[in-house]
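Colleague: So that we are looking at the same thing, I have put the structure below in structure tokens.
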Amino acid sequence: MAKTFELKDDSVVVVIGSGAGGGTLSNELAQRGINVVCLEAGPRLTLADIVNDNGTMFSRLSWLDKRIGSGDLNSTLPLWVCKTVGGTTVHWAGASLRFQEHEFRIRTTYGDIAGANLLDWPLTLQDLEPFYTRAEDKMGVTGTHDIPRLPGNNNFKVMAAGAKRVGYTQVHTGNMAINSQPRDDRPACHQIGFCMSGCAIGAKWSTLYTEIPKAEATGRFEIRPNSMVVKINHDDKGKATGVVYADQNGALHEQKARVVCVAGNSVETPRLLLNSESSKFPNGLANSSGQVGRNYLRHMTGTVYAIMPGRVNFDRGTQMAGIIKDESRHDPSRGFAGGYEIETLPGFGLAGVATNTIPGAWGAEYAKVIEMYDHFAGMWLVGEDLPQAGNGVTLHATEKDQHGMPVPVVHFKDHANDLAMRNHAYKAGTAIYQSLGATQVFELPPFPNTHNMGTCRQSQKPQDGVCNKYGQTHDIANLFISDGSQFTSGGAENPTLTIVALAIRQAEYLASQLSKNEM
Amino acid sequence: MKANAPSRRGFLRGTGFVAMGLATGGTIIFAPDYTWALSTTAIDAHTAQTLLVVARQLFPHDRLGDQYYAVIVDAVDKQAGGDPAVRKLLADGVARLDAARGIPWLQLSNGARNAVLKSMEGSEFFTTLRSATINNLYTNPLVYRFFGYEGSSVEHGGYINRGFDDIGWLPSS
Numbered sequence: 000m001a002k003t004f005e006l007k008d009d010s011v012v013v014v015i016g017s018g019a020g021g022g023t024l025s026n027e028l029a030q031r032g033i034n035v036v037c038l039e040a041g042p043r044l045t046l047a048d049i050v051n052d053n054g055t056m057f058s059r060l061s062w063l064d065k066r067i068g069s070g071d072l073n074s075t076l077p078l079w080v081c082k083t084v085g086g087t088t089v090h091w092a093g094a095s096l097r098f099q100e101h102e103f104r105i106r107t108t109y110g111d112i113a114g115a116n117l118l119d120w121p122l123t124l125q126d127l128e129p130f131y132t133r134a135e136d137k138m139g140v141t142g143t144h145d146i147p148r149l150p151g152n153n154n155f156k157v158m159a160a161g162a163k164r165v166g167y168t169q170v171h172t173g174n175m176a177i178n179s180q181p182r183d184d185r186p187a188c189h190q191i192g193f194c195m196s197g198c199a200i201g202a203k204w205s206t207l208y209t210e211i212p213k214a215e216a217t218g219r220f221e222i223r224p225n226s227m228v229v230k231i232n233h234d235d236k237g238k239a240t241g242v243v244y245a246d247q248n249g250a251l252h253e254q255k256a257r258v259v260c261v262a263g264n265s266v267e268t269p270r271l272l273l274n275s276e277s278s279k280f281p282n283g284l285a286n287s288s289g290q291v292g293r294n295y296l297r298h299m300t301g302t303v304y305a306i307m308p309g310r311v312n313f314d315r316g317t318q319m320a321g322i323i324k325d326e327s328r329h330d331p332s333r334g335f336a337g338g339y340e341i342e343t344l345p346g347f348g349l350a351g352v353a354t355n356t357i358p359g360a361w362g363a364e365y366a367k368v369i370e371m372y373d374h375f376a377g378m379w380l381v382g383e384d385l386p387q388a389g390n391g392v393t394l395h396a397t398e399k400d401q402h403g404m405p406v407p408v409v410h411f412k413d414h415a416n417d418l419a420m421r422n423h424a425y426k427a428g429t430a431i432y433q434s435l436g437a438t439q440v441f442e443l444p445p446f447p448n449t450h451n452m453g454t455c456r457q458s459q460k461p462q463d464g465v466c467n468k469y470g471q472t473h474d475i476a477n478l479f480i481s482d483g484s485q486f487t488s489g490g491a492e493n494p495t496l497t498i499v500a501l502a503i504r505q506a507e508y509l510a511s512q513l514s515k516n517e518m
Numbered sequence: 000m001k002a003n004a005p006s007r008r009g010f011l012r013g014t015g016f017v018a019m020g021l022a023t024g025g026t027i028i029f030a031p032d033y034t035w036a037l038s039t040t041a042i043d044a045h046t047a048q049t050l051l052v053v054a055r056q057l058f059p060h061d062r063l064g065d066q067y068y069a070v071i072v073d074a075v076d077k078q079a080g081g082d083p084a085v086r087k088l089l090a091d092g093v094a095r096l097d098a099a100r101g102i103p104w105l106q107l108s109n110g111a112r113n114a115v116l117k118s119m120e121g122s123e124f125f126t127t128l129r130s131a132t133i134n135n136l137y138t139n140p141l142v143y144r145f146f147g148y149e150g151s152s153v154e155h156g157g158y159i160n161r162g163f164d165d166i167g168w169l170p171s172s
């Protein structure tokens, strides 16, 4: 059934990236009768390639091409995202939360915060609600569409018991795109653990084994793995005409296109636009605003681990099926704008705990901490960070990757609001575990980012951002931003559900425009 | 290992290990009770021996025998075999350890060994050894059980019927 298209076929929509944004958009377009070529930089794995080993899967899935982090980021691995068919949906934990109403209107709600570059989205929660509903149905999100929530594992039970003691009330096993019962020809979760190393039985939604094969089954879709797009071409009128990509052997090809949709995650998407500079667009494509690569969001994050009075075995079972929502509200009386979620998070094996619990630590005392491994409980703190014009992605002046493309430099500095929120969240997490008699509590700094947003943001006015409320770039009508890069703000919630909802909405808009011959 | 003429055989002072130097520059180290042995090709007996004790000093677990720390030495020896810069880094690092107090580092008291390591914390030698120890000690499936880490579960059907929610000590309110 899988079709192939010719390079010179300029009737296809080219989608760059096959993750939550690109994989979903591809399938939604193909289902509407549109021919799609999806170019994915990474290889295509199968469930048989997914093993329960953190290190093996990190090497097998991660985007490890050189990136330079600066500011508060890890300098050599600023991001933890994937280079594989399915993109970061192979790695993601499955948490599928809707944004709150006020999170689409942060400039209006939070006011003008010094040092930040706040902007309201050009769309509202009400605009997105029907698409959230469709996304939840597509992904089989627990707690929606009469799908039962997952059962709580030990790590959740510890967090929930502590939450109750400190007075939190909105506590459950989350809205997870992980089957709690068989659905969509995929099995129910077996409580394997290792969700973030890829789900070996496919109980967790990933475009790798949902959207991609469904798109292939239409006969209108081709995925080309190991195809790294290095440039988007355009004509004299400033219309996108095709993309240049390097195949597995590094050979360059041009795929012609009627429409180009970019979904390479929030570093590769602006990197590609910037690298596509031309005499007509000397600052890169779709960058008349100068906003391409700016306002990079990564969420306020932090982790709390605790050594509990009894055994927990926090690796057992669904990794992130546990949430406390009480702190996700906007309540400036806490000393910061926006809110945060508290979610369960286990360790990543012994090596992960040894590396992360106290970075850089060693010696007899620390060895004793590691020896308490099966008594560890863990949670992740994830909240809204504020857009700042200086946080973002630029091209390195001299360093090039294996395809001759400039290496991306990713810069991020915490805003004072992010620091105040993280401090509050650490205290909240610590109190939860201490209420149960934790013997030691550890506040871990942020890991390399898995949530990446905002580098090509939506805006009402062309001068404030890169694309409109459909992800269509203000400058080039047949060029779309189709991933988390289009977020105008990050919300407190894990971003995947919103990426998927926006992709469905974009597909509907794009299909309608194409049928009216407006591309 | 090729049959090389032993150039030196001796009891490494202060550690109980027996080392046999090889003409190639490599070495074989035997456990005191000869239950395991480590052969190296790029690093000499003294370097190998010192690195093994450094690894244990960084993450000392009484529950683990030296054979698990020998895996770390084996890994850095292989790296050193392929990269002269690593070989030099290791040799120079051990030389610095030995020079710190005028007495070979291995012969120092436990507290003095730690103090010397502490003084080298920011060095490339130290961070290399620390990472190598974490990445070769704690990723060894043979050591998982000593820590209650259970490793791969998919082949056992996950934990759905094996205690994902079996916690028993939580208070009821």
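Chains as they are written, first to last, in numbering that gives the first Met the number 0: chain A, 0 to 518; chain B, 0 to 172.
For glycine and all other residues, C-beta sits at the position ideal for the given N, C-alpha and C.
Cβ atoms of GLY301 (chain A) and PRO461 (chain A): under 8 Å apart, would you say?
Modeller: Not a contact, by the Cβ cut-off of 8 Å.
Colleague: Along the chain, where does the beta strand (DSSP E) that runs through ILE27 (chain B) open and close?
Modeller: Start and end: 26-29.
Colleague: Opposite THR39 (chain B) in the DSSP bridges: which residues?
Modeller: BP columns for THR39 (chain B) point to B:THR26.
Colleague: Taking DSSP's pairing of strands, which residues face CYS466 (chain A) in a bridge?
Modeller: In DSSP, CYS466 (chain A) forms a bridge with A:GLN457, A:THR472.
Colleague: Please classify ALA92 (chain A) as buried or exposed, where buried requires at least 16 neighbouring CB atoms within 10 angstroms.
Modeller: The residue is buried, with at least 16 neighbouring Cβ atoms inside 10 Å.
Colleague: For the stretch 431-452 of chain A, which residues have a CB atom closer than 8 Å to at least one CB atom of chain B, in sequence order?
Modeller: Result list: LEU435.
Colleague: For PRO150 (chain A), return the contacting residues in chain B, with the cut-off set at a CB-CB distance below 9 Å.
Modeller: Per Cβ cutoff of 9 Å: ILE159, PHE163, ASP164.
Colleague: Hey, could you find the ends of the alpha helix (DSSP H) ALA131 (chain B) is sitting in?
Modeller: That run of the alpha helix (DSSP H) goes 123-136.
Colleague: For CYS188 (chain A), which three-state DSSP category applies?
Modeller: In this structure, CYS188 (chain A) counts as coil in the three-state DSSP scheme.
Colleague: Please look up how many angstroms separate the CB atoms of THR317 (chain A) and LEU149 (chain A), rounded, as I've assumed it's under 8 Å.
Modeller: Contact flag correct, Cβ pair sits at about 6 Å.
Colleague: Does DSSP put GLN401 (chain A) in a helix, a strand or coil?
Modeller: Looking at GLN401 (chain A) - three-state DSSP - the assignment turns out to be coil, as it is neither helix nor strand.
Colleague: When you compare only the Cα positions, how much space is there between PHE10 (chain B) and TYR67 (chain B)?
Modeller: Because the pLDDT of PHE10 (chain B) is 46, which lies under 50, any placement of that residue in the model is unreliable, and the number read from its coordinates should be weighed accordingly. Going by the C-alpha atoms only, they are around 21 Å apart.
Colleague: What residues in its chain sit with their C-beta under 6 Å from that of ASP97 (chain B), if we drop five residues either side in the sequence?
Modeller: Taken in chain order, the residues that qualify are PRO103, TRP104.
Colleague: Less than 7 Å between C-beta atoms, sequence neighbours within five positions excluded: which residues of the same chain meet that for GLY292 (chain A)?
Modeller: Once the five neighbours on either side are set aside, the close Cβ partners of GLY292 (chain A) are PRO269, LEU273, GLY391, VAL392, THR393, THR454.
Colleague: Grouping DSSP H, G and I as helix and E and B as strand, with all else coil, what is ASN355 (chain A)?
Modeller: Here ASN355 (chain A) sits in helix by DSSP.
Colleague: Since ALA256 (chain A) contacts VAL35 (chain A) with CB under 8 Å, what's their CB separation in whole angstroms?
Modeller: Rounded, the Cβ-Cβ distance is 10 Å, inconsistent with contact.
Colleague: The alpha helix (DSSP H) that contains ARG223 (chain A), what's its start and end?
Modeller: Not the alpha helix (DSSP H): ARG223 (chain A) falls in the beta strand (DSSP E), residues 220-223.
Colleague: Counting only the same chain and skipping the five closest in sequence on each side, list residues whose C-beta sits under 7 Å from that of ILE480 (chain A).
Modeller: Cβ within range, chain order: VAL261, THR268, CYS455, VAL465, CYS466, GLY470, THR472.
Colleague: Below 7 Å on C-beta distance, what does TYR372 (chain A) contact in chain B?
Modeller: Those are PHE146, GLY147, TYR148, listed as they occur along chain B.
Colleague: How would you write the range of the beta strand (DSSP E) that THR240 (chain A) sits in, first residue to last?
Modeller: Where THR240 (chain A) is concerned, the enclosing beta strand (DSSP E) stretches over 239-245.
Colleague: In the stretch 261-347 of chain A, which residue ranges form an unbroken beta strand (DSSP E) of at least 3 residues, counting only runs that do not cross its ends?
Modeller: Whole beta strand (DSSP E) segments, 3+ residues: 299-306, 339-343.
Colleague: Can you confirm whether SER151 (chain B), when its beta carbon is compared against all beta carbons of chain A, has any partner nearer than 8 Å?
Modeller: True, the Cβ-Cβ gap to chain A drops below 8 Å.
Colleague: Output, in sequence order along the chain, the residues in the stretch 180-193 of chain A whose CB is closer than 7 Å to any CB in chain B.
Modeller: Hits within the stretch, in order: HIS189, GLN190, ILE191, GLY192.
Colleague: Express the C-alpha separation of SER205 (chain A) and PRO212 (chain A) in angstroms, rounding to a whole number.
Modeller: Distance between the alpha carbons of PRO212 (chain A) and SER205 (chain A): 11 Å.
Colleague: Taking the alpha-carbon positions, what's the PRO5 (chain B) to MET19 (chain B) distance?
Modeller: Caution applies to PRO5 (chain B), whose pLDDT of 39 falls short of 50 and renders its modelled position unreliable; the model cannot decide the point.
Colleague: Given a cut-off of 8 Å, decide if ASN26 (chain A) and ASP164 (chain B) are closer than it, judged by their beta-carbon atoms.
Modeller: Cβ distance not < 8 Å, so ASP164 (chain B) and ASN26 (chain A) don't count as in contact.
Colleague: Quick one, which of A:VAL259, A:THR397, A:ALA160 has its alpha-carbon nearest LEU271 (chain A)'s?
Modeller: The shortest C-alpha separation from LEU271 (chain A) is found at A:VAL259.
Colleague: If you draw a straight line from the alpha carbon of GLY263 (chain A) to that of GLY70 (chain A), how long is it in whole angstroms?
Modeller: Whole-angstrom Cα-Cα distance: 23 Å.
Colleague: Chain A beta carbons: is any one of them nearer than 8 Å to that of THR46 (chain B)?
Modeller: It does not; no Cβ of chain A falls within 8 Å.
Colleague: Would you grab the beta carbon distance between ARG43 (chain A) and PRO331 (chain A) for me? Rounded to a whole angstrom, and I think it's under 8 Å.
Modeller: 47 Å between Cβ atoms; not a contact.
Colleague: In the DSSP output, which residue or residues are listed as bridge partners for ILE67 (chain A)?
Modeller: The partner list for ILE67 (chain A) (beta bridge, DSSP) reads A:VAL408.
Colleague: DSSP puts VAL259 (chain A) in a beta bridge; with which residues?
Modeller: According to DSSP, which records beta bridges pairwise, VAL259 (chain A) is partnered with A:VAL13, A:LEU478.
Colleague: Using a C-beta to C-beta distance shorter than 7 Å, which residues of chain A count as neighbours of TRP168 (chain B)?
Modeller: Chain A residues near TRP168 (chain B): PRO308, GLY309.
Colleague: Please return the same chain residues whose Cβ sits closer than 6 Å to the Cβ of ALA305 (chain A), not counting the five positions on each side in sequence.
Modeller: Closer than 6 Å at the Cβ level, and outside the excluded window around ALA305 (chain A), lie ALA376, TYR432, ALA437, VAL440.
Colleague: To the nearest angstrom, report how far apart LYS468 (chain A) and SER484 (chain A) are at their CA atoms.
Modeller: Computed Cα separation, rounded: 13 Å.
Colleague: State the Cα-Cα distance for the pair VAL499 (chain A) and SER275 (chain A), rounded to the nearest angstrom.
Modeller: Approximately 26 Å between the Cα atoms of the pair.
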